[in-house]
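J.: Following numbering that gives the first Met the number 0, the numbering of the sequence shown begins with 0 at its first residue and continues without gaps.
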Amino acid sequence: MILPPRSTDTRPGPSLIELPAPLLPSSGRPAGGGEILVGVDGGATKTIAVVYDLKAHRAYAAKAGPSNPDAVGLVEAGRAVGQAVQGALDEGGIDAHDVAACVVGMAGVDTEEERQELLLDAPNLKHAGVTVMVNDVVCAWASATLGEPGIVAISGTGSNTFGVDASGHTWRCGGWGHILGDEGAGYWLGLSAMRAAVAYRDGRAGYTELVPMLLEFYSLSALEELDDFVYKSFDKAKIASFAARVAVAAKQGDVTALLLFRRAAADLALQINAVFDRLSFDAPPKVGLIGSTFHAGEIFTGPLRKKLRRVLGDNDFAPIQLPPVGGSVWLAARAAGVAAQLDIDMVRQHLNQAVLQLEGHPTS
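(1) Find the nearest neighbour of HIS294 within the set ARG309, ARG277, GLY128 and ALA249, judged by alpha-carbon distance.
(2) Report the CB separation of GLY146 from PRO65 in whole angstroms; it is logged as a contact under 8 Å.
(3) Run the CB neighbour count on HIS349, radius 10 Å, all protein chains shown included, and call it buried at 16 or more, exposed below.
(4) Between the C-alpha atoms of GLY185 and ALA339, what's the straight-line distance to the nearest angstrom?
(5) May I ask which residues mark the beginning and end of the alpha helix (DSSP H) holding ASN351?
(6) Does the contact criterion of 3 or more C-beta pairs under 8 Å hold for the stretch 134-149 versus the stretch 263-276?
(7) State the start and end residues of the unbroken alpha helix (DSSP H) segment that holds GLY326.
(8) Report buried or exposed for SER218, applying the criterion of at least 16 other Cβ atoms within 10 angstroms of its Cβ.
(9) Compare the Cα-Cα distances from GLN251 to each of LYS306, LEU124, THR207 and TRP187 and report the closest residue.
(10) Helix, strand or coil for VAL39 per DSSP?
(11) Going by DSSP in three states, GLU17 sits in which element: helix, strand or coil?
(12) In or out: GLY86 buried (at least 16 other Cβ within 10 Å) or exposed?
(13) Mind checking whether ALA61 and ALA83 have CB atoms under 8 Å apart?
(14) Have a look at HIS168 and SER154 and give me their C-alpha separation to the nearest angstrom.
(15) Within the same chain, show all residues whose beta-carbon is closer than 6 Å to that of HIS96, passing over the 5 residues directly before and after it, in chain order.
(16) Please list the terminal residues of the continuous alpha helix (DSSP H) segment that includes ASN67.
(17) If you count every other CB in all the chains shown that lies within 10 Å of the CB of SER232, and 16 or more means buried, which is it?
(18) Considering only the alpha carbon of each residue, which of ARG114, ARG203, GLY38 and ALA165 lies closest to PRO283?
(19) Assuming the contact rule is C-beta atoms closer than 8 Å, ALA335 and GLY33 should be a hit. Round their C-beta distance to whole Å, please.
(20) Along the chain, where does the alpha helix (DSSP H) containing PHE216 start, and where does it finish?
(21) Is the Cβ of ALA63 closer than 8 Å to any Cβ of chain D?
(22) Enumerate in chain order the residues of its own chain whose CB-to-CB distance from GLY205 is below 7 Å, with the five nearest sequence positions on each side excluded.
(23) Using a Cβ-Cβ cutoff of less than 8 Å, which residues in the same chain neighbour LEU311 once the five nearest sequence positions on both sides are dropped?
(24) So the beta strand (DSSP E) ASN159 belongs to, where does it begin and stop?
(25) Measuring CB to CB, does VAL245 end up less than 8 Å from LEU267?
(26) Does DSSP put LYS365 in a helix, a strand or coil?
(27) Going by DSSP, what residue range makes up the alpha helix (DSSP H) through ALA246?
(28) Keeping to the same chain, check which residues put their C-beta closer than 6 Å to that of VAL108; ignore five residues upstream and five downstream.
(29) Report all residues from its chain with a CB closer than 6 Å to the CB of ASN123; omit the five preceding and five following residues, and keep chain order.
(30) Rounded to the nearest angstrom, what separates VAL50 and ILE35 at their Cα positions?
(31) Taking just the CA atoms, how far does GLY202 sit from ARG194?
(32) Express the C-alpha separation of ASN159 and TRP175 in angstroms, rounding to a whole number.
(33) Fully enclosed by the stretch 115-145, which beta strand (DSSP E) runs are 3 residues long or longer?
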C-alpha cells in the first residue's frame, strides 16, 4: 500500500460558522436606545418571527411557510422570513423603521452570499438598526446559554453541535444532513431500527420488539413492504418520527433499542467533545441539549452524560432558557446594545405566551 506524502495531510480549517461581531459574548457594543427587537427562527417546515417590545414588555408572534433554502430555495426562503416578520409587526401595530435590531436564525444558511440574497426578498428587515442573519444553530446556542460561552447539541430529526468560548471563537460539528451525517439523532435512530428489523428478517440478527412496532407504526402487513416504504416514498421526517417508538422499546427493556440509544449517545458525545477540544474554556462549559430526541430521557441522556465527564466536570446539562426563537430575540438585544435591560423570567414568560397563542394553545 502506498501512503500519500505527509505534506498532503490536512487539519480542519476555520469554523463553519463565525459569530458576527455584534453577537460576540464581549462585543463591547455601547448601550442603545432601541425598544423593539425582532427574532426569527426559520426551518424546513415553518418560520416563526417574534417582535419584542422592551418598553411595554409585550411579545407578538407570527408564522409563515418553510424558509430552509435547501428545501424551498433562496427566493421563497426570503419571502417566508419577510412574511413572518411583517405578520409579527402588524400584530403589534409596529413600524419596521422602529426596529432596533433583528436576528434571523435560519437552517441551511452558512455563507454571506446566501444571507445577502435572502435579504433581498425580505425588504422589511433592511429598516432595522442592525440586521444579522446566522445559521439556526447559533440561536439554539443562545437559547441554551443566553449568549454566554458554552455548547449546544441539537438532536431532532438531525444533529448539530455548536460552541462559543469567552474569546468569541466558535466551532460547529455536525449538521451535515441525513446522507453525510445526522448521527445521534431521530433519523439515525429510525433508520437503524429499520436495519435491525430487516437483519432479523434475514436471519442475521436476533428478534427485537422493534419489528411489530415498525409494522404497526407504518401500517405494514409484513417486513417485506419496508423497502418500498423507504425507497418509493422516502420521507426523512417520517423515518425520524419512529425514534419515539424506539425510546418506548428501550424503556421496556428491548436490548436492541437500548443499544441503539447507547450508540446514538456515543456518536453525539463525539460531536460535543470535538467542539470542546477546538475551543478554550477556563471551567467546564454549559452544555445545553435541544431537540425532540432528548424526550427519550435517561435512556439517552444517561449514557451521553457518562461520555462527557471531562466536558461537564461535576455539572449536569444546562437547562434550556428560552424557546428556539427566543435565542434570536436575546441576540437581537445584544446587537442593539440593550441586553442588560432584559429580565430572563419576564422574556421567557412573554415569549412562551406569544408562541403558544400562535400555535393555537390557550395560555390561561
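Positions of the beta carbon are idealized from the N, C-alpha and C atoms, including for glycine.
T.: Straight from the coordinates:
(1) ALA249
(2) Rounded, the Cβ-Cβ distance is 26 Å, inconsistent with contact.
(3) buried
(4) 37 Å
(5) 343-357
(6) no
(7) 323-335
(8) exposed
(9) THR207
(10) strand
(11) coil
(12) buried
(13) yes
(14) 23 Å
(15) HIS126
(16) Where ASN67 is concerned, there is no enclosing alpha helix (DSSP H), given that its DSSP letter is neither H nor E.
(17) exposed
(18) ALA165
(19) 5 Å
(20) 209-216
(21) Absent here is chain D; the protein component of the structure consists of one chain.
(22) TYR199
(23) PRO283, VAL286 and ARG304
(24) 158-163
(25) no
(26) The structure shown has nothing for residue 365, since the chain only spans 0 to 363.
(27) 242-250
(28) ASN134
(29) GLY81, VAL84, GLN85 and ALA95
(30) 7 Å
(31) 12 Å
(32) 8 Å
(33) 129-134
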